[in-house]
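What follows is a short report on a single structure.
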Amino acid sequence: MQRPLDVLGSSQDKNVIIQLKSGAKITGTLRAFDSHINLWLDEATIEEKDSSLKLGKVLVRGDNIVIISPGK
Amino acid sequence: MQRPLDVLGSSQDKNVIIQLKSGAKITGTLRAFDSHINLWLDEATIEEKDSSLKLGKVLVRGDNIVIISPGK
Amino acid sequence: MQRPLDVLGSSQDKNVIIQLKSGAKITGTLRAFDSHINLWLDEATIEEKDSSLKLGKVLVRGDNIVIISPGK
Amino acid sequence: MQRPLDVLGSSQDKNVIIQLKSGAKITGTLRAFDSHINLWLDEATIEEKDSSLKLGKVLVRGDNIVIISPGK
Amino acid sequence: MQRPLDVLGSSQDKNVIIQLKSGAKITGTLRAFDSHINLWLDEATIEEKDSSLKLGKVLVRGDNIVIISPGK
Amino acid sequence: MQRPLDVLGSSQDKNVIIQLKSGAKITGTLRAFDSHINLWLDEATIEEKDSSLKLGKVLVRGDNIVIISPGK
Amino acid sequence: MQRPLDVLGSSQDKNVIIQLKSGAKITGTLRAFDSHINLWLDEATIEEKDSSLKLGKVLVRGDNIVIISPGK
Numbered sequence: 002m003q004r005p006l007d008v009l010g011s012s013q014d015k016n017v018i019i020q021l022k023s024g025a026k027i028t029g030t031l032r033a034f035d036s037h038i039n040l041w042l043d044e045a046t047i048e049e050k051d052s053s054l055k056l057g058k059v060l061v062r063g064d065n066i067v068i069i070s071p072g073k
Numbered sequence: 002m003q004r005p006l007d008v009l010g011s012s013q014d015k016n017v018i019i020q021l022k023s024g025a026k027i028t029g030t031l032r033a034f035d036s037h038i039n040l041w042l043d044e045a046t047i048e049e050k051d052s053s054l055k056l057g058k059v060l061v062r063g064d065n066i067v068i069i070s071p072g073k
Numbered sequence: 002m003q004r005p006l007d008v009l010g011s012s013q014d015k016n017v018i019i020q021l022k023s024g025a026k027i028t029g030t031l032r033a034f035d036s037h038i039n040l041w042l043d044e045a046t047i048e049e050k051d052s053s054l055k056l057g058k059v060l061v062r063g064d065n066i067v068i069i070s071p072g073k
Numbered sequence: 002m003q004r005p006l007d008v009l010g011s012s013q014d015k016n017v018i019i020q021l022k023s024g025a026k027i028t029g030t031l032r033a034f035d036s037h038i039n040l041w042l043d044e045a046t047i048e049e050k051d052s053s054l055k056l057g058k059v060l061v062r063g064d065n066i067v068i069i070s071p072g073k
Numbered sequence: 002m003q004r005p006l007d008v009l010g011s012s013q014d015k016n017v018i019i020q021l022k023s024g025a026k027i028t029g030t031l032r033a034f035d036s037h038i039n040l041w042l043d044e045a046t047i048e049e050k051d052s053s054l055k056l057g058k059v060l061v062r063g064d065n066i067v068i069i070s071p072g073k
Numbered sequence: 002m003q004r005p006l007d008v009l010g011s012s013q014d015k016n017v018i019i020q021l022k023s024g025a026k027i028t029g030t031l032r033a034f035d036s037h038i039n040l041w042l043d044e045a046t047i048e049e050k051d052s053s054l055k056l057g058k059v060l061v062r063g064d065n066i067v068i069i070s071p072g073k
Numbered sequence: 002m003q004r005p006l007d008v009l010g011s012s013q014d015k016n017v018i019i020q021l022k023s024g025a026k027i028t029g030t031l032r033a034f035d036s037h038i039n040l041w042l043d044e045a046t047i048e049e050k051d052s053s054l055k056l057g058k059v060l061v062r063g064d065n066i067v068i069i070s071p072g073k
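Protein chains in written order, with this note's numbering: chain C, 2 to 73; chain E, 2 to 73; chain L, 2 to 73; chain S, 2 to 73; chain U, 2 to 73; chain P, 2 to 73; chain W, 2 to 73.
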């Protein structure tokens, strides 16, 4: 039986795209996650409306997240 | 005695339609779910107002979900 | 001693009307519920403002619900 | 030592008035409650702004409730 | 070592003023409280913007509360 | 290893400034706190936009708090 | 196996940038954190829209946080 968080397990050290409840999007390399869907990303960038900001290493608190998809 | 999450069990590997609290809708093939109603979908598409975006594989965090119905 | 969720127990396989926090209303036949008030409905319809949509089988995540009443 | 939910215990089978976070008010006869303050009411009516709707038997999910007072 | 809820213990059977997240204020005589800060008040009055309403006995669900102070 | 709530431990019986999610600010002397960051303050004052109100002794429910800093 | 909160462990006594759900940003030296992502910062500054305020030592309640990144 597979579990939803297996999507994250198979994305480790790969690029992911995250959509936040605020409408912002974060892309980066997934390094680690936990059961709350807290994420550690490297080389992350956040996009909000008209602006884009390089964050580098970042911790995303899981309760802000709507969806996560593996990047291409 | 049946339980509500049995709807998801019988939809595994089938198409589902998800309505989010934000008003967005996601469709895709349900691969896995857990007790928080976190979902793993394949071949997913998200529709918001006037736009539609192909997501492919996606993890949906359960607390964003209003309803889930099996697709036709 | 009765408990509030007994309202749901006595409505099984009967029509119920659900009001969501979003203001939408869902009607359908109650098949199953759990302690989070997650619901499985059959032959469900959702009404929002000016529109009505047939959903068929549906899982409603309990934290969206304001009230549930047995239909007539 | 008394506890707050004793207000509900002493209101069983009596009329209560409930104010919801949405601003709506529900009145009805209290039949049962639990520790989440989920309520089962009979002969309930909901009032929102300009409209009033007879609900009959109803389950109110506790997390929507601001205050409950015994009716007169 | 004192604990914050000791403020409530020392206010039992005395007048308290409660500010809710909605902006409304409730005053009344504190009869009982629990660890969720659910409150039972007697002779309570609620004030919202331009209106004031006598509630008498009331149960306030704790998650609506911002601050509680002993009345004068 | 230090923990974040040690900031509160070292501020006991001293002046603190609290910023709430509503935008209001509360200042006062910290008497007690718990693991939910519920606070008991003495000689507290709340400032909202254009107004300032003396509260005296007050219990602040922790889930309303954004930040707490020791006063000067 | 690494965990997301390791980002915080490796930032101890270093500069971090925090984005809050309110849109405000806080920078400061990370002294301590816990599993709720409550933070203790020293020499902290908060920026909101057009204003910047020196906070010095501060406790940030974790549920307000969107992302945390190590400063440069």
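Backbone N, C-alpha and C define an ideal beta-carbon position, used for all residues, glycine too. None of the values given here were measured: they were computed from a predicted structure.
1. Could you have a look at ASN65 of chain L and say whether DSSP puts it in helix, strand or coil?
2. Cβ atoms of VAL17 of chain L and LEU6 of chain L: under 8 Å apart, would you say?
3. Out of S:LYS15, S:PRO71, S:LEU54 and S:LEU40, state which residue places its alpha-carbon closest to the alpha-carbon of GLU44 of chain U.
4. Using 10 angstroms around the beta-carbon of SER12 of chain L, count the other beta-carbons present and answer buried if the total reaches 16, otherwise exposed.
5. Quick one: does ARG52 of chain C have its CB under 8 Å from some CB of chain E?
6. Going by DSSP in three states, GLY10 of chain C sits in which element: helix, strand or coil?
7. State the start and end residues of the unbroken beta strand (DSSP E) segment that holds ASP39 of chain S.
8. So VAL67 of chain L and LYS22 of chain L are supposed to be a Cβ contact under 8 Å. How far apart are they, rounded?
9. Give a yes or no on whether the minimum CB-CB distance between GLN1 of chain P and chain W is below 8 Å.
10. Quick one: is ASN16 of chain U near chain S, going by C-beta distance under 8 Å?
11. State the beta-bridge partners of PRO71 of chain P as determined by DSSP.
12. Counting only Cβ pairs nearer than 9 Å, list the residues of chain P close to ARG32 of chain W.
13. Using the three-state DSSP reduction, which class does GLY29 of chain L fall into: helix, strand or coil?
14. Using three-state DSSP, classify SER23 of chain L as helix, strand or coil.
15. Tell me the DSSP bridge mates of LEU54 of chain S?
16. Would you please verify whether the beta carbon of VAL61 of chain W is less than 8 Å from any beta carbon of chain P?
17. Here's a check: name, in chain order, each residue in its chain whose Cβ is nearer than 6 Å to the Cβ of LEU40 of chain L, leaving out the five neighbours to either side.
18. Would you say ILE1 of chain C faces chain E, with C-beta separation under 8 Å as the test?
19. Could you name the residues of chain L that ILE66 of chain E contacts, counting a contact when the two beta carbons are closer than 8 Å?
20. Roughly how many angstroms lie between the CA atoms of LEU9 of chain U and VAL59 of chain P, to the nearest whole one?
21. Would you mind sorting GLN3 of chain E into buried or exposed? The rule is 16 or more other CB atoms within 10 Å of its CB.
22. Is it right to say GLY29 of chain L is buried, meaning 16 or more other beta carbons lie within 10 angstroms of its own, or is it exposed?
23. Can you tell me the Cα-Cα spacing of HIS74 of chain S and SER53 of chain U, whole angstroms?
24. So which residues of chain S does ILE38 of chain L contact, with C-beta pairs closer than 9 Å?
25. Leaving aside the five residues before and after GLN20 of chain E along the sequence, list all residues of the same chain whose C-beta is less than 7 Å from its C-beta, in chain order.
26. Closer than 8 Å, CB to CB, is TRP41 of chain E near chain B or not?
27. Pull up the distance between the alpha-carbon of GLY57 of chain C and that of ILE47 of chain W, whole angstroms please.
28. When you compare only the Cα positions, how much space is there between GLU49 of chain U and ASP51 of chain P?
29. Under 7 Å Cβ to Cβ from LYS55 of chain C, same chain only, skipping five residues before and after it: list those, please.
30. Leaving out five residues before and five after ASN65 of chain E in sequence, what residues of the same chain have Cβ atoms less than 6 Å from its Cβ?
Working from what's here:
1. helix
2. no
3. S:PRO71
4. buried
5. According to the sequence displayed, residue 52 of chain C carries Ser and not Arg. No, its Cβ sits nowhere closer than 8 Å to a Cβ of chain E.
6. helix
7. According to the sequence provided, residue 39 of chain S is Asn. The question's Asp does not apply to it. Where ASN39 of chain S is concerned, there is no enclosing beta strand (DSSP E), given that its DSSP letter is neither H nor E.
8. By a beta-carbon distance limit of 8 Å, VAL67 of chain L contacts LYS22 of chain L. Their separation comes to about 6 Å.
9. One cannot answer for residue 1 of chain P here, as it falls past the ends of chain P, which runs 2 to 73.
10. no
11. P:VAL17
12. GLN3, PRO5, ASP7 and VAL8
13. strand
14. coil
15. S:ILE47
16. yes
17. Closer than 6 Å at Cβ, skipping near neighbours: PHE34 and VAL61.
18. This structure leaves residue 1 of chain C out entirely; chain C is present only between 2 and 73.
19. ARG62
20. 9 Å
21. exposed
22. buried
23. Past the edges of chain S, shown from 2 to 73, lies residue 74 of chain S, and the structure says nothing about it.
24. By Cβ distance, chain S contributes ASN39, LEU60 and ARG62.
25. LYS26, VAL67 and ILE68
26. Any reference to chain B falls outside this structure, whose protein chains are C, E, L, S, U, P and W.
27. 21 Å
28. Those two C-alpha atoms are separated by around 19 Å.
29. THR46
30. LEU21 and LYS22
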